[in-house]
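Peer 1: Got a structure here, written out as C-alpha cells. Questions coming.
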Amino acid sequence: MGFLGRHRPTVASCPVPELPEVEAYRRLAQGALGRPVRDATVYDPRFVRGAASARTVVAALRGATFRAARRHGKLLVLDLGAPRGGVDPGPPAAGVPGDGTRLGLRFGMTGRLVVDGLAGVDRLLYASDRGDAVWDRFAVRFEDGGRLVMHDPRLLGGVELDPDESLLGPDAASVSPAELRRALEHSAAPVKARLMDQRRLAGVGNLMADEILWRAGIAPQRRAASLSAAEHRRLHRHLRTTIDLLLARGGSHLGDLVPQRHPGGRCPRDGAELSRSTVGGRTSWWCGRHQR
DNA sequence: ATTGTGGCCTGCCCGC
DNA sequence: TGCGGGCAGGCCACAA
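Residue numbering for the first sequence follows the numbering used here, starting at 17 and increasing by one per position.
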C-alpha cells in the first residue's frame with residue numbers, strides 16, 4: 017500500500033448515488049408501499065430541506081401510507097396516501113408544492129436508503145461502511161414494526177416535503193434526442209456542465225457525465241452550443257446506452273472509465289494517459305486523444 | 001437571463 | 001505519533 021494510485025481505484029470501486037443507485041433505492045422503497053406509518057423521526061434538523069419544518073414533515077407522515085415510489089433524476093419521490101380510515105386524496109398532482117402529498121428523498125453523495133434493514137446499495141464511495149446509527153438522519157417507523165431509514169454521514173442529502181419537481185429537466189434514462197438537444201443548444205457553458213444541470217437534464221452526475229462523454233468521444237470542456245448534429249446524435253445514443261448499461265450492471269461506478277479516474281489512469285479505448293481538469297466545477301477525467 | 005464560484009458536510013489519506 | 005490540509009461531489013446561495 018502507499019504508492020501513488022493504489023488506493024484510489026479501490027475507493028472508486030464503490031458507488032456514489034447517481035441515477036442507477038437511486039433507481040435501486042426506488043425498487044427498495046417499493047417494499048415500503050401500503051404500510052401505515054406509525055411515526056417519523058428527524059434526527060438532525062439540517063437534513064430537512066425546503067420550506068416545511070421537521071415538525072411539519074413528521075405531521076404529514078404520521079398515519080399516512082406511501083402509495084407509490086417514483087424516481088425523477090436523482091430525486092426519489094414517495095407519494096403519500098390518505099391516513100388510515102381517511103379520505104384518499106386521489107392521484108397526486110405532480111410538481112405542485114405545498115399540497116403535503118409527496119416526500120422527496122435526495123441522497124447527495126453519501127446518502128443511502130435502508131428499508132427493514134436492507135440497503136439498496138451495498139457500499140458507498142466516501143461513505144463509511146459502518147452502519148452506525150449515529151448517521152441515521154431520518155426514519156419512518158411503520159405500524160408493522162419495520163423501518164425506512166435514510167443514512168447520510170455527510171448530510172449532503174435530505175428529505176423535503178412536496179419538492180418542486182417542475183424544477184427538474186427530463187429524466188436522463190428516457191430523454192429523447194430532441195429534449196437532449198434543447199438542453200444543450202444555444203449554451204456557452206461546457207457540455208459537461210450542461211449535462212449535469214439538473215434543471216436541464218435530471219439524473220446525470222459527475223461520474224456518469226465523464227463516462228458518457230468518454231464513450232461519445234466528446235471533450236467535457238466543449239461549449240455545448242458547438243456540438244454538430246452528428247455529435248448530438250452520438251451523445252444521445254451513448255447517454256441512453258450508458259445509462260442502460262449502468263442500470264444493468266447495478267451502479268454508476270461500474271462504467272469502464274471510472275476505474276481509470278486517478279493519476280496515471282489510462283484510456284481503456286486507446287491507452288492514452290487520461291487528462292484531469294475542473295469542468296463545470298467538478299473534477300473531470302477525459303482522453304485527449306479521442307475526445308474532441 | 002446565463003455562467004461560474006465557494007460553502008456546506010464528513011471521512012480518509014497525504015505530507016510534515 | 002498527531003495534526004493540518006486537500007479532496008471527494010450534489011446542491012444551493014450568491015456574484016458577475
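For every residue, glycine included, the Cβ atom is placed at its ideal position computed from N, Cα and C.
1) Output needed for E289: all residues of its chain with C-beta closer than 8 Å, excluding positions within five of it in sequence on either side, in chain order.
2) Using beta-carbon positions only, say whether R265 and E159 come within less than 9 Å of one another.
3) Please report the residue range of the beta strand (DSSP E) in which D55 lies.
4) So is T258 buried or exposed if we call it buried at 16+ other beta carbons inside 10 Å?
5) With DSSP collapsed to three states, give me the class of R83.
6) As a quick exercise: from H252, A189 and V93, pick the residue whose alpha carbon is nearest that of S182.
7) Pick from G287, G124 and R51: whose alpha carbon is nearest that of D132?
8) Would you decide whether L134 is buried or exposed? Buried here means 16 or more other CB atoms lie within 10 Å of its CB.
9) Are the Cβ atoms of G79 and G124 separated by less than 9 Å?
10) Closest to G89 by CA distance: which of P186, L96 and C303 is it?
11) Please confirm whether E34 and M224 have their CB atoms less than 9 Å apart.
12) Ends of the alpha helix (DSSP H) at M212?
13) Do three or more CB pairs link the stretch 291-304 to the stretch 221-235 at distances below 8 Å?
14) When the distance is taken between beta carbons, is R83 closer than 9 Å to D178?
15) For M224, is the beta carbon positioned less than 8 Å from some heavy atom of the ligand COA?
16) For M125, which three-state DSSP category applies?
17) Rounded to the nearest angstrom, how far is the Cβ of Y41 from that of G136, given a contact under 8 Å?
18) Contact defined as beta carbons within less than 8 Å: I believe L251 pairs with L196. What is the distance between those atoms, to the nearest angstrom?
19) Would the beta-carbon of M212 fall within 9 Å of that of R298?
Peer 2: The answer reads as follows:
1) G280, G281, R282 and C283
2) no
3) V53 to V58
4) buried
5) strand
6) V93
7) R51
8) exposed
9) no
10) P186
11) yes
12) V207 to M212
13) yes
14) no
15) With respect to the ligand COA, the structure offers nothing, as it holds no ligand at all.
16) coil
17) 4 Å
18) 7 Å
19) yes
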